[in-house]
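Numbering (the working numbering), first residue to last: 305 to 668.
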């Protein structure tokens, strides 16, 4: 097999395993993305020009799973080139620096993208002290270790050795991991979306939240609606939100602070991405916490509100009032956080409509 074919196969294997580990992390609800394995594998085995092809191709392929990878493409080119250089220039005992500097570059790059997109560079120091930063560091270290194992399997004698048996085993294993993981992600993440009905006068969305919750180090999806009049001042639908976060793993559904942080970071991200240069959100009221049965789940209902900004210029301060319903789905290992709110001026007029929408869902 000539070098051109060998290098092409390495790129395909790098893409396959990158997709497989990204899906596996979501299937097992492991914090982090694990989307660097293929990058580090290509950097280990390929000349720079060929490796750069992989650095670009991998995030482009991943955009079919999560569109954020399109704006994050530069991160993978950057860390791929850094890793490629360090693998060849930093040897001996100081080679351990690769396991330190590359993860730091990876984590800082993601937080830089987040800060730029949300206009929150002034909080960058805070992000460095949050769980998400350390999750990204661990993610990159784990990806490097897995890439080292796979690269030594492909090139045990520092030359690419792709005999048919070894090649078949590597590809089949990658396909099996990716296939099973994709199925599990569909079952425990996306199947519930069919339980959210269309509502006249409302727009409905289902989005992955991994980038939105990046500083929190959490992953999941958001199934949400807002009225067609949400951006119209003076309408009862102004600034109305209604939806359900479907968060990976178990979270204490009674902990108001823990529950509300998902909404706070979501709101601030939304404001920043809609042009507010000083987004803020904080809880100012929690009351009437009670246990209820929601669709067969033992759930908690809590009323309250937040102070935030409008997402319409001039981004004035708004007081939001509404309710949360929280429960844990043990079968799918997911925490559900239902939220519904309107402005303080309109909540009395909207509350029955919001409740009727929430109780018509069937997220099972």
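We treat Cβ as the ideally placed atom computed from N, Cα and C, and that holds for glycine.
Selected residue, minimal CA-CA separation from residue 490, among 574, 509, 311 and 327: 327
With 16 other Cβ atoms within 10 Å as the buried cut-off, status of residue 407: buried
Indicate whether residue 478 and residue 324 have their beta-carbon atoms separated by less than 8 Å. yes
Under 7 Å from any heavy atom of the ligand SAH, does the C-beta of residue 336 make it? Questions concerning the ligand SAH fall outside what the structure shown contains, since it holds no ligand whatsoever.
When burial is assigned at 16 or more other CB atoms within 10 Å of the CB, is residue 602 buried or exposed? exposed
In its own chain, which residues sit with a C-beta less than 7 Å from the C-beta of residue 329, not counting the 5 before and 5 after it? 336, 337 and 338
What does the alpha-carbon distance come out to for the pair residue 596 and residue 605? 7 Å
CB-CB under 8 Å to residue 568, same chain, minus the five flanking residues each way: which ones, in chain order? 585, 586, 587 and 610
Using DSSP's beta-bridge definition, name the partner residues of residue 638. 552 and 633
In this structure, does DSSP put residue 339 in helix, strand or coil? coil
Segment limits, alpha helix (DSSP H) that includes residue 544: Taken as a continuous stretch (DSSP letters only), residue 544 belongs to no alpha helix (DSSP H), as it is neither H nor E.
When you compare each of 615, 344, 395 and 483 to residue 379 by their alpha carbons, which one comes out closest? 344
Going by the DSSP bridge assignment, what does residue 623 pair with across the sheet? 611
Is it buried or exposed, residue 449, if we count other Cβ atoms within 10 angstroms and call 16 or more buried? exposed
How would you label residue 546, buried or exposed, when you count the other beta carbons within 10 angstroms and need 16 or more for buried? buried
Residue 563 and residue 641 look like a contact to me (Cβ under 8 Å); what is the Cβ gap, rounded to whole Å? 6 Å
If you check the beta carbons only, do residue 409 and residue 437 fall under 8 Å apart? no
Identify the continuous alpha helix (DSSP H) that holds residue 272 and give its terminal residues. Because the chain here runs from 305 to 668, residue 272 falls outside it and cannot be looked at.
Coil, strand or helix - residue 453 by DSSP: helix
Residue 501 and residue 525 closer than 8 Å at C-beta: no
Which first and last residues belong to the beta strand (DSSP E) in which residue 372 is found? Element bounds for residue 372: n/a, residue is neither H nor E.
Compare the C-alpha of residue 508 against each of 483, 544 and 520 and name the closest. 544
On a Cα-Cα basis, can you pick out the residue from 422, 625, 365 and 353 that is closest to residue 388? 353
Counting C-beta neighbours from all protein chains within 10 Å, is the total for residue 576 16 or more, i.e. buried, or is it exposed? buried
Checking 8 Å against the spacing of the C-beta atoms, do residue 394 and residue 356 come in under that value? no
Identify the continuous alpha helix (DSSP H) that holds residue 353 and give its terminal residues. 352-366
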